[in-house]
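Colleague: Let me begin by handing over the structure; questions about it come next.
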Ligand SMILES: N[C@@H](CCC(=O)N[C@@H](CS)C(=O)NCC(=O)O)C(=O)O
């Protein structure tokens, strides 16, 4: 398998965590988003949307979208399970995950920045404020659910990590990119700390990647 990735990408971070948890390796090809490599025709031939991650399977088929890739790994490599058995519980885990994947993260991607700054004439400070607002709003929604639900345990759902935790950790890191901290979200903060005790999460962290800046 080949995964198109980049150290700073939050979506690629999520996929790395799942690969580490399940012990699934793939050859990594870097797509430097700061250099706009997602727009290169060679990469667009792999993902016409111009977004990472993209996963090329050994049979040559390509998967895109971090949630779809993570769920593919969940089905193809079931151990350890990252979704609960019960259908309602699975829906809860997916809902928590989507607060990051569908609601928070899409609003802060480079293409959004390019539109805000290029087409609408906003500056970097406004992009940062925009991003901090929407990333914080997603974390607030996650916190509300975690704080009120009896299913919340050591992790988002019970005492084993699930896809909800994978996404929560990426949301916390993403919030930090825009100057936010999880201090105002005590349950999120506690679960994030529990996840970051786990080697699979630590190794996947953006700053642990070989091409990440040293400082
Ligand atoms: N919903 C997608 C988002 C993918 C995405 O937007 N990835 C970002 C990096 S985290 C990207 O490649 N952006 C390129 C751009 O916005 O130009 C997923 O979860 O995979």
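In the working numbering, the protein residues as written are 6 to 220. Where a beta carbon is used, it is the ideal one built from N, C-alpha and C, also for glycine. Only a predicted model underlies this, so the values are computations on that prediction, with no experimental measurement involved.
Counting beta carbon pairs with one atom in the segment 188–205 and one in the segment 104–121, are three or more of them shorter than 8 Å?
Modeller: Counting Cβ pairs under 8 Å, fewer than three are found: no touch.
Colleague: Is there at least one non-hydrogen atom of ligand 1 closer than 7 Å to the beta-carbon of residue 10?
Modeller: No, ligand 1 has no heavy atom inside 7 Å of this Cβ.
Colleague: Where residue 47 and residue 172 are concerned, what is the direct C-alpha to C-alpha distance, given to the nearest angstrom?
Modeller: Rounded to the nearest angstrom, the two C-alpha atoms are 29 Å apart.
Colleague: Measure the alpha-carbon distance for residue 92 versus residue 99 and round it to whole angstroms.
Modeller: Rounded to whole angstroms, residue 92 to residue 99 spans 10 Å at the Cα level.
Colleague: In this structure, does DSSP put residue 195 in helix, strand or coil?
Modeller: Reduced to three states, the DSSP call for residue 195 is helix.
Colleague: What residue does the alpha helix (DSSP H) around residue 61 start on, and which one ends it?
Modeller: Per DSSP, residue 61 belongs to no alpha helix (DSSP H); it is in the beta strand (DSSP E), 59–61.
Colleague: Which residues share a DSSP beta bridge with residue 163?
Modeller: Answer by DSSP bridge pairing, in chain order: 157.
Colleague: Buried or exposed, going by whether 16 or more other CB atoms sit within 10 Å of the CB of residue 59?
Modeller: Buried.
Colleague: Does residue 203 come out as helix, strand or coil in the three-state DSSP assignment?
Modeller: In the structure shown, residue 203 sits in coil (DSSP, three-state: anything other than H, G, I, E or B).
Colleague: With distances taken from CA atoms, which of 162, 61, 44, 150 is nearest residue 54?
Modeller: Comparing Cα positions, the closest option is 44.
Colleague: Could you have a look at residue 79 and say whether DSSP puts it in helix, strand or coil?
Modeller: Reduced to three states, the DSSP call for residue 79 is helix.
Colleague: Enumerate in chain order the residues of its own chain whose CB-to-CB distance from residue 207 is below 8 Å, with the five nearest sequence positions on each side excluded.
Modeller: The answer, listed in chain order, is 201, 213.
Colleague: Among 28, 26, 56, which residue has its Cα nearest to the Cα of residue 14?
Modeller: If we check each option's Cα against that of residue 14, 56 comes out closest.
Colleague: Considering only heavy atoms of ligand 1, does any lie closer than 7 Å to the CB of residue 136?
Modeller: Residue 136: no, Cβ never under 7 Å from ligand 1.
Colleague: With hydrogens ignored, establish whether the beta-carbon of residue 181 is closer than 7 Å to any heavy atom of ligand 1.
Modeller: No, Cβ of residue 181 sits at least 7 Å from all heavy atoms of ligand 1.
Colleague: Assign residue 24 to buried or exposed, taking buried as 16 or more other Cβ atoms, counted over all protein chains shown, within 10 Å of its Cβ.
Modeller: Counting Cβ neighbours within 10 Å, residue 24 comes out buried, since at least 16 surround it.
Colleague: By the three-class DSSP mapping on this structure, what secondary structure does residue 7 have?
Modeller: Three-state DSSP puts residue 7 in a strand.
Colleague: Based on DSSP bridge pairs, tell me the residues matched to residue 67.
Modeller: Beta-bridge pairing links residue 67 to 61.
Colleague: On the DSSP letters alone, give me the boundaries of the alpha helix (DSSP H) that residue 19 sits inside.
Modeller: Counting along the chain, the alpha helix (DSSP H) containing residue 19 begins and ends at 15–27.
Colleague: Residue 139 and residue 174 look like a contact to me (Cβ under 8 Å); what is the Cβ gap, rounded to whole Å?
Modeller: Not really, about 18 Å apart at Cβ, beyond 8 Å.
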